[in-house]
Amino acid sequence: MVENRPILTFLTHAILIVGVVFLCFPVWMALVASTHGPGALSQSPIPLWFGDQAWENYSQLLAGGLPEAGGVPIGMMMFNSAIMALVITFGKIVISILSAYAIVYFRFPFRMGFFWMIFVTLMLPVEVRILPTFDVVVKMGLLNTYAGLTVPLIASATATFLFRQFFLTIPDELVEAARIDRAGPIRFFKDILLPLSRTNIAALFIILFIYGWNQYLWPLLITTDESLYTVVMGIQRMVNSGEALPVWHYIMGTAVLAMIPPVLVVVLMQKLFVKGLVESEK
Amino acid sequence: MATLNIKSLGKIYPGGVTAVSDVNVDIADGEFIVLVGPSGCGKSTILRMIAGLESITSGDLQIGERRVNDLEPGERDIAMVFQNYALYPHMSVRGNMEYGLKNEGLPKDQIAERIAEAARTLRLEEYLDRKPAQLSGGQRQRVAMGRAIVRDPKVFLFDEPLSNLDAKLRTQLRAELKALHQRLGATFIYVTHDQVEAMSLADRIIIMNAGRVEQIGTPMDLYLRPASRFVADFIGSPAMNVVEGTVTEDRRGLLVDGSRDIRFADEIPATAGARIAMGIRPEHLSPDASGAAQFHLVVDFVEQLGADTVVHGKVSGTTVPLAVRLSGVQQHGSGEILELGCAADQLHLFDLSTGQRLN
Ligand SMILES: Nc1ncnc2c1ncn2[C@@H]1O[C@H](COP(=O)(O)OP(=O)(O)OP(=O)(O)O)[C@@H](O)[C@H]1O
Ligand SMILES: [Mg+2]
């Protein structure tokens, strides 16, 4: 349905613009708030335009620790978040693509049994199995380590399932042609399957990076050592910093900084994502 | 280049479907063999067993005197061209062709040489750096053939390679394929369900029906002396006329719908009262009262094709339709009665229950 009436065009644009404004307003507010001094945000009306404190606020955030956030430098927290997001993302992609490969292309005993076991865990989000998982991590002595922070979140039924579905759409003839071309299992995986999965990997990378970056509950449980705090935790701690008034200008600045890496990943990977789409066959 | 020996080959799929049973054939070095038959008769299954893509349930398969039942596809010295091309979509034309050679560990300069030659043969030189998605169907099919050629295999296997192409391109590629076979001198095994393709390409045709071989022979063998009614029906266009009836007491006539119009010059090799089918090709009938079989045709309508005329009608006194192909332009009105006959070696008699040839 492609209509070409000016009124409709106007209406659709109006609705879209309203939507965009709604979505962007909080981001705008965070940006604005991070450029004001401490006083400006606790009185009404809240300013809607940039203040003059941007330089001071951001240099304070980046350079030194904030007493309100337990004195942990933002850079450190960002680094921890990045480690966590990247390890989770790579781990999930590697493990899930390998397990999907095994399930789709190899006949081994209880193959479907394993598939259903993985599938069933799809129905259990992290929050549901958080206590037993926590227990395991404690018993393995992984509290306050990067391993404890990342490994339990790596196993991923969703990604395995996604790759399985994708592999099933690859025609059998392609696999057979590769067999005739003397490609063993490893060559087939490396030369055929991986390149064909590029778009899927790029899409998953975006989703999983954001998933890893935004983890909140799990790091909160696993880390008590300040040198392992992630930025999402940091924001939360600043907001709940006990008796003192929340330092909104710093909190908003941290939020803006915390937004940058996921946005970068989306922007950069999107290019690859689209390129992959264009290059793959019709 | 190699012979291929198939001994009592059988395939039962998991789940109990018997797709192929007891196939025996010895294929000579450099022969062009076409496997033909209706859908689901087991052609692809045989081809895939030869390729090693499907396990062999029973029997033996030898390529060049070597038993290959348990070898991997890559070790059998065969190449296969698939119906849907099965090109690697992310590799260029060159990449597609050299992949197998790289895996074999062939030196770079030899790979380049072989690809250059195959590209020249198949007129693919200007497309070497394109991706398969940027090629037409016919070009893709040629790339698939190129991928087979560069491997220089003993046996080429083709599974309906032309069936995704339009009629004109099909005819053109058919000619190219035939020329390719002559130049390479390799053994070709080619699956199709198109009898015209089979007739025009094959040195020998294997015609299959429900997992069994009906007949093996040169195209002319199959055309002139079909071993069964199935073969008679399958080969030839327009299709052979088949009239079912009961052999008369004197064994010199056929009783059809109560009419005794069909007469034979000699006693036929069937007992009186037996149910048989008589087959005569439309092009073998002529206005000839002295033939091995004679009858009358009541004309319904006439198709003028220019070079020849096809007369459609019914065997006199019956409702059995029959077509006659007469050369040149012939005028016949509806209701006109023609006297027809055919030569002794153009008369085919089949047992109605077993379908086997009687004469
Ligand atoms: N993987 C399979 N599992 C079970 N049965 C199968 C399998 N593949 C084929 N069959 C059966 O085996 C029989 C022969 O199949 P095949 O593919 O060899 O037929 P074909 O002669 O190539 O037909 P077509 O002309 O349609 O390609 C069919 O009845 C089919 O249903
Ligand atoms: Mg087939």
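Top line first, the protein sequences correspond to chains X and E.
Convert by adding 27 to the 1-based position in the first sequence; the result is the number in our numbering.
Convert by adding 2 to the 1-based position in the second sequence; the result is the number in our numbering.
A virtual CB, placed ideally from N, CA and C, is assigned to each residue, including glycine.
These numbers come from a predicted model, not from an experiment.
- Neighbours of X/Glu203 in chain E, taken as residues at a C-beta separation under 9 Å, are given in chain order as Arg50, Ala53, Leu55, Pro75, Met82, Phe84 and Ala88.
- Straight-line spacing of the CA atoms in E/Ile207 and E/Phe34 works out to 9 Å.
- Of the residues X/Asn227, X/His276, X/Arg264 and X/Ala186, the one whose Cα lies closest to the Cα of X/Ile145 is X/Ala186.
- A straight line joining the alpha-carbon of E/Ala181 with that of E/Leu203 spans about 10 Å.
- E/Gln358 sits in a strand when the DSSP states are folded into three classes.
- The C-alpha of E/Gln85 lies about 19 Å from the C-alpha of E/Gly76.
- Within the stretch 180–211 of chain E, the alpha helix (DSSP H) runs of at least 4 residues that lie entirely inside it are, in chain order, 197–203.
- The beta-carbon of X/Arg209 is placed less than 8 Å from the nearest beta-carbon of chain E.
- Interface with chain X (8 Å Cβ-Cβ cutoff): E/His195 is excluded.
- Cβ atoms of X/Val59 and X/Trp82 stay farther apart than 8 Å, at about 15 Å.
- Contact note: E/Gly139 does not reach chain X at a C-beta cutoff of 9 Å; the least C-beta distance is about 12 Å.
- Within the chosen limit of 7 Å, ligand 2 does not reach the beta carbon of E/Lys170 with any heavy atom.
- For E/Pro109, not one C-beta of chain X is nearer than 8 Å to its own C-beta.
- For E/Pro228, no chain X residue has a Cβ inside 8 Å of its Cβ, as the nearest lies near 34 Å away.
- For E/Asp223, the uninterrupted alpha helix (DSSP H) segment begins and ends at Pro221 to Leu226.
- Contact of X/Ile219 with chain E by beta-carbon distance below 7 Å involves Tyr90.
- Shown here, X/Ile197 sits in coil according to DSSP, grouped into three states, outside any helix or strand.
- For X/Leu223, the nearest beta carbon of chain E is closer than 8 Å to its own beta carbon.
- Pairing E/Arg149 with E/Thr47, the inter-Cα distance amounts to about 22 Å.
- In this structure, E/Val317 sits near E/Val258, with a CB-CB distance shorter than 8 Å.
- In this structure E/Ile117 is buried. Its beta-carbon is surrounded by 16 or more other beta-carbon atoms within 10 angstroms.
- Within the stretch 69–123 of chain X, the complete alpha helix (DSSP H) segments of 4 residues or longer fall at 81–90, listed in chain order.
- Taking a Cβ-Cβ cut-off of 8 Å, E/Gly66 has no neighbours in chain X, whose nearest Cβ is about 17 Å from it.
- With 16 or more other Cβ atoms inside 10 Å of its own Cβ, E/Asn243 counts as buried.
- Think of a sphere of 7 Å around the beta carbon of E/Asn105: the chain X residues whose beta carbon falls inside it are Asp208, Arg209, Ala210 and Arg214, in chain order.
- Under the 8 Å criterion on CB atoms, X/Pro198 is classed as interfacial with respect to chain E.
- The alpha-carbon of E/Leu354 is positioned some 57 Å away from that of E/Lys104.
- Put simply, the residues with a CB less than 7 Å from any heavy atom of ligand 2 are E/Lys45, E/Ser46, E/Asp161, E/Glu162 and E/Val193, in chain order.
- When DSSP states are grouped into helix, strand and coil, E/Arg78 belongs to the coil group.
- For the set X/Val163, X/Phe188 and X/Ile249, the Cα lying nearest the Cα of X/Asn227 is the one of X/Phe188.
- By the 16-neighbour rule on beta-carbons within 10 angstroms, X/Asn84 is buried.
- Neighbours of E/Gly148 in chain X, taken as residues at a C-beta separation under 7 Å, are lacking, since the least C-beta distance is about 13 Å.
- Its Cα nearest to that of E/Phe266, the residue E/Gly293 stands out among E/Gly293, E/Glu162 and E/Ile278.
- X/Tyr243 is positioned such that its CB atom lies closer than 8 Å to that of X/Val259.
- Within the DSSP bridge table, the entry for E/Leu351 names E/Met280 as partners.
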